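Residue numbers (our numbering): 19 to 493.
The structure appears right after this line, and notes come after that.
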């Protein structure tokens, strides 16, 4: 294994290339350090041997950097166009790339990262998530779904996907049944009804077909389920799949009893949480997302194996670190919170992960920072967002302890977090605008600051030990 270097400061090995593609497989995204290749990991379960092999491929064909995405995928960075065909062939042999671009594009299934590890979960949802992934890949009728159309299969328990938003969600509740929601988070999605676990795949396929058919009846066909529900109402979809639904009717199921295996009723309510809500106007960033922070470090042993949660600043590590982590476990779980879980870790894994630069302490202030790739990984970026974010961590500890999130964005698009953060730095032509309680590009509190001046301005806020509410009065 090559020497480990600091991933956040690593320079791209390959220069930016022209947009290329591997015909019939996928169209990779061209970014500042080359081509970005997404590796979809079905059900988020990555065997250690596969992680080691992917690390080898990332070093050989890319610049050695790996990003963890909000959708529970790995992203290999800095791939040169001439290397694409060989890389895709290797990934396909491992089972992580589909045979064609159409099936690859629709395999957007988010799954509980602790499925099968958490004894408090309602259900081990891995078989259902894997079956849904396979159906999406194989059923050509579903390949017409918009590329970002997403699915979620959540087993409940300690690492719920309660706050993740998607197009169609299946949340396990006592019975066991799946509570089926359309377009949003657990609380925000329109409740369609409930289904038996064995009916999940067929119901999902029927909902996909209904979406494709109904959207064509509108003058401006929506690309997401929430838009269709807003236009036609949830009943239009329920009529198409009523025969596959079971349990109480949604009209009285929101707070009514659900059947349990023993025949006892149970109130259906959102999964219990012990974290503050995210800033208004948007979801939380990778480090802010509470389940990630809650599950760093060692977890207690359930009847199933425990896990070790490891995060890295900005959700970025390198192939050497990925390979080293794989040596500490038989299986890595990819989370939607841009962190990794090591299943049944070896003795000494926590110490080794810490030595690799991993974050295991849920109180680490770097978990309050989110940032895009910036100038080192994006052709639009003009500042080193990662370096500037780490400078804020070094100089503004008081602020980071008081707020929920500080976001360093390389441009107004806010790719890392398009919503509101307590403090947002938006780069433009090498300088930053600093806004409070705003999304990227929001009305600035200070504008046109050099990176060092922007860090100083943010650090000045920490002296007052400001809370989120107090920040709003500083504007």
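All residues carry an ideal CB built from backbone N, CA and C; glycine is no exception.
Predicted model, so just to flag it, every value in this text is computed and none were measured.
query: Please report the residue range of the alpha helix (DSSP H) in which residue 59 lies.; result: That residue, residue 59, is in no alpha helix (DSSP H); it is neither H nor E in DSSP.
query: I'd like to check one pair, residue 126 with residue 62: are the Cβ atoms closer than 8 Å?; result: no
query: Mapping DSSP to helix, strand and coil, what is residue 427?; result: strand
query: Buried or exposed, going by whether 16 or more other CB atoms sit within 10 Å of the CB of residue 158?; result: exposed
query: Which residues mark the beginning and the end of the beta strand (DSSP E) in which residue 146 is found?; result: No beta strand (DSSP E) contains residue 146, which is instead part of the alpha helix (DSSP H) from 144–156.
query: When we look at the beta-carbon of residue 162 and count the other beta-carbons within 10 Å, is it buried (16 or more) or exposed?; result: exposed
query: Are residue 131 and residue 339 close, meaning C-beta to C-beta below 8 Å?; result: no
query: Tell me, which residues are paired with residue 377 by DSSP?; result: 329
query: Do three or more CB pairs link the region 58–75 to the region 87–102 at distances below 8 Å?; result: yes
query: By alpha-carbon positions, which one of 237, 115, 189 and 428 ends up nearest to residue 144?; result: 189
query: Are the beta-carbon atoms of residue 428 and residue 392 separated by less than 8 Å?; result: yes
query: Per DSSP, which residues does residue 167 bridge with? Please list them.; result: According to DSSP, residue 167 bridges with nothing at all.
query: Are residue 201 and residue 185 close, meaning C-beta to C-beta below 8 Å?; result: yes
query: Where do the N-terminal and C-terminal ends of the alpha helix (DSSP H) with residue 245 fall, by residue?; result: 243–250
query: For residue 441 and residue 329, I'd like the C-alpha separation in whole angstroms.; result: 22 Å
query: Along the alpha helix (DSSP H) that carries residue 173, what are the first and last residues, could you check?; result: That residue, residue 173, is in no alpha helix (DSSP H); it is neither H nor E in DSSP.
query: Express the C-alpha separation of residue 359 and residue 135 in angstroms, rounding to a whole number.; result: 10 Å
query: When we look at the beta-carbon of residue 386 and count the other beta-carbons within 10 Å, is it buried (16 or more) or exposed?; result: buried
query: Count the other C-beta atoms from every protein chain shown that fall within 10 angstroms of the C-beta of residue 478, then say buried if there are 16 or more, exposed otherwise.; result: exposed
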